[in-house]
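Have a look at the structure below, then the notes.
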Amino acid sequence: GQSLEQPSEVTAVEGAIVQINCTYQTSGFYGLSWYQQHDGGAPTFLSYNALDGLEETGRFSSFLSRSDSYGYLLLQELQMKDSASYFCAGYILTGGGNKLTFGTGTQLKVEL
Amino acid sequence: EAQVTQNPRYLITVTGKKLTVTCSQNMNHEYMSWYRQDPGLGLRQIYYSMNVEVTDKGDVPEGYKVSRKEKRNFPLILESPSPNQTSLYFCASGGDTDTGELFFGEGSRLTVL
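As you go down the protein sequences, you meet chains A and B in turn. Heads up, the first sequence is in the working numbering, so the first residue is 759 and it goes up one at a time. Heads up, the second sequence is in the working numbering, so the first residue is 4 and it goes up one at a time.
Structure (structure tokens):
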């Protein structure tokens with residue numbers, strides 16, 4: 759089956775850098791996305807890695823290593839508004855198309 | 004404005020009473036999907052659709068049906084809802100393999116008594 763593992767909770771201080779890891783076990787994997795979700799809200803897209811390496815988008819960066827079945831989301835210059843849940847999501851090619859499996863999410867708490 | 008619209012946003016119903024949650028997108032996306040979100044379990048895919056008349060099961064399809072008769076609409080049907088289907092449901096579209104971006108609706112909170 760497919761599974762993506764993330765830490766359940768991470769705490770960091772404002773202005774710091776935090777890394778949220780995601781390890782996956784899945785066949786047919788071809789890409790990893792990251793989403794942010796604030797309480798009561800819809801998930802919003804942050805980043806996508808179709809290739810190994812680092813993708814940078816402002817304060818957020820995402821990394822993928824297929825050989826290690828591992829990725830991470832890096833958040834720099836943390837702000838209070840970054841307190842939210844973060845999900846990695848793996849794209850899997852199936853006979854029917856693109857199946858997307860989400861990790862269980864990481865609750866990030868940013869403190870003063 | 005590019006958006007995914009779900010209705011209803013909130014619904015309380017009783018066991019066995021058929022219901023449909025509608026989902027519509029205005030971005031001409033081929034890919035659409037449904038997820039349910041439960042505490043501690045993250046987002047789990049129910050069904051997805053690669054295009055009109057093309058649907059496939061996700062990880063938790065039992066008790067649900069979908070249809071894709073038009074590109075913009077992807078309704079989720081609960082033929083005989085049960086209390087274990089009480090959840091927060093999200094519809095999403097996009098999923099282009101070049102960008103990997105999904106656009107989510109605002110969510111539909113369903114309670115089955």
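Idealized CB from N, CA, C, for every residue including glycine.
Closer than 7 Å: Tyr830 (chain A) CB and nearest the ligand SAM heavy atom: Although the ligand SAM was asked about, the structure shown includes no ligands whatsoever.
Exposure label - Ala95 (chain B); buried when at least 16 CB within 10 Å: buried
Beta strand (DSSP E) segment containing Ala847 (chain A), residue limits: Ala842 to Thr852
Beta-bridge partners of Ile49 (chain B), as assigned by DSSP: Its beta-bridge partners do not exist; DSSP assigns none.
Where Phe821 (chain A) meets chain B, residues with beta-carbon distance less than 9 Å: The premise fails here: Phe821 (chain A) is roughly 14 Å from chain B at the closest Cβ pair, so nothing lies under 9 Å.
Identity of the residue in A:Val776, A:Gly861 and A:Leu870 nearest Glu763 (chain A) by Cα: A:Gly861
Min CB distance Leu858 (chain A) to chain B below 8 Å: Chain B contact via Cβ: present.
Residue burial classification, Val57 (chain B) (beta-carbon count within 10 angstroms, cutoff 16): Around the beta carbon of Val57 (chain B), a 10 Å sphere encloses fewer than 16 other beta carbons of the protein chains shown; the residue is thus reported as exposed.
Gln40 (chain B) to Glu33 (chain B) span [Cα, whole Å]: Those two C-alpha atoms are separated by around 23 Å.
Below-8 Å beta-carbon distance, Phe107 (chain B) vs any chain A residue: Chain A contact via Cβ: present.
From A:Leu870, A:Ile850, A:Trp792 and A:Val771, residue whose alpha carbon lies closest to that of Thr815 (chain A): The residue with the shortest Cα to Cα distance from Thr815 (chain A) is A:Trp792.
Contact belief for Gln28 (chain B) with Arg75 (chain B) at Cβ below 8 Å, rounded distance in angstroms: 6 Å
Cβ separation of Val63 (chain B) and Ile80 (chain B), assumed to be a contact under 8 Å, to the nearest whole Å: Actually they do not touch by this definition, with Cβ atoms about 15 Å apart.
Contacts that Pro765 (chain A) makes with chain B (C-beta to C-beta distance below 9 Å): In chain order: nothing, as chain B lies at least about 13 Å away.
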